[in-house]
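*Asks:*
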DNA sequence: CGATGTGAATGAATTCACAGCA
DNA sequence: TGCTGTGAATTCATTCACATCG
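Protein chains in written order, with the UniProt record's numbering: chain A, 1 to 212; chain B, 1 to 212.
#1: Comparing the C-beta of residue 148/A with each C-beta of chain B, is any distance below 9 Å?
#2: Less than 9 Å separating the beta-carbons of residue 10/A and residue 92/A?
#3: Nearest CA to the CA of residue 13/B: which residue from 208/B, 69/B, 95/B, 77/B?
#4: From the DSSP output, in three-state form, read off residue 190/B for me.
#5: Check distances from the C-beta atoms of the UniProt DNA-binding region "H-T-H motif" (16-55) of chain A to those of chain B and list, in chain order, the residues that come in under 8 Å.
#6: Run through DSSP, which three-state label would residue 54/A get?
#7: Bridge partners of residue 88/B, per DSSP?
#8: Determine which residues of the region 61-90 of chain A have a Cβ less than 7 Å from any Cβ of chain B, and write them out in chain order.
#9: Tell whether a beta-carbon distance below 9 Å holds between residue 149/A and residue 87/A.
#10: Going by DSSP in three states, residue 215/B sits in which element: helix, strand or coil?
#11: DSSP on residue 174/A, reduced to helix/strand/coil?
#12: Mind checking whether residue 108/A and residue 71/A have CB atoms under 9 Å apart?
#13: List the residues that DSSP assigns as beta-bridge partners of residue 109/B.
#14: Are three or more beta carbon pairs between the region 166-186 of chain B and the region 196-209 of chain B nearer than 8 Å?
#15: Can you confirm whether residue 14/A, when its beta carbon is compared against all beta carbons of chain B, has any partner nearer than 9 Å?
#16: Ignore the nearest five residues each way along the sequence and tell me which others in residue 159/B's own chain have a CB closer than 6 Å to its CB.
#17: As a quick exercise: from 5/B, 196/B, 208/B, 207/B, pick the residue whose alpha carbon is nearest that of residue 54/B.
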């Protein structure tokens, strides 16, 4: 199959598959069928087979998938069989929490630079990293080979942070600030807003209640 | 129109609409067309009209939408025209960051209880809130009228946290822990994993690079 | 007139059902 | 035999196009 266009939802599910497969691996399970994996991920089994088919043939007919091999294959498919160097812009509450979050480097996203334009913060050391003025982004992106910019500024400064990152030659931006930003279309942009999940929960809970 | 079933994607977009409309409001814009709103949200204008039509008729033909009225209508549609009381379970790095995050109460999600089963943490005060043993959840859920449970434990303790919350009579769960959990189907469950966004960025960046 | 609200048309994603292979 | 891989069928979401109404 090996298609050109891959649904956005497929990418999201592949991340879940890795999570669940890692769990299987820890439990000592070597082989898993799409049926069993599907159940653990709460999806349809042919959904899994189709998602994987976009990238290649990873299973063995009549047997299933070898857990470790499948993890490796999915990681390669997603492009996380390597490290990605990240710049974090905006060292407030959320920024600090991300800097402290051990999971980032464990998953291959290494935060190599922390930037802020607040003179009171510049020079401060967080998690062994010195906070640097955002104006130094162009130099640092080149020096450290930074790939992805992570915006954790207040909303009103998100666009400026994006501009710095884009000017510095970053390839992708993950925006945690609650603001829409404009970027040229060769820059990949992702919005992260976990309030979406709270809204969805609130909506469904109230909806369920109103049906009684 | 006022339909029964509402697409998941619609809920997610409504959250974006609120964000952008609030921005318009701050700028002093009173009336907005679906065309203009669509541009700011990077979606199609009929998408917006259809999303809104699921909940009612909020616009004025030939004019557009009154910004403040539309914010109010969407909030009511989503069920966030009221406060939601939340219990946070697992006071680690991420849990603390959420407790400190001012935006929660501002958006109507009030964290009223912080729970952990680590005896070293119990009794500690974070952001004016005393950390309480998770075993006290049933009492506290009733006492404080808690609606939504927020799980920020390590993955291996997520299911136990969920069990406590479910037993205590919570209505919905938002799981930040990188683990799948099982809940009865009357409990609304949302998974939050911001690594999904990093994976998606990595995938697309590498994909774009390989096309040159 | 001008922008909404909405059926109808299109497009995308998911699921079914089974051929094909270890 | 049993489970993968995949075209076909179905379901779901988005966009179009225009009737409708302030």
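Heads up, the beta-carbon is just placed ideally off N, CA and C, and yes, glycines get one too.
*Replies:* Let me spell this out:
#1: yes
#2: no
#3: 77/B
#4: strand
#5: Hits within the stretch, in order: 16, 19, 20, 23, 40, 41, 42.
#6: coil
#7: 114/B, 150/B
#8: 78, 79, 80, 84
#9: A contact, by the Cβ cut-off of 9 Å.
#10: Only positions 1 to 212 of chain B appear in the structure, and residue 215/B is not among them; the question remains open.
#11: DSSP, read as helix, strand or coil, puts residue 174/A in strand.
#12: Result no, Cβ atoms of residue 108/A and residue 71/A do not sit closer than 9 Å.
#13: Answer is 84/B.
#14: Per the Cβ contact rule, the region 166-186 of chain B is not in contact with the region 196-209 of chain B (fewer than 3 Cβ pairs under 8 Å).
#15: yes
#16: Answer for residue 159/B: 181, listed in chain order.
#17: 5/B
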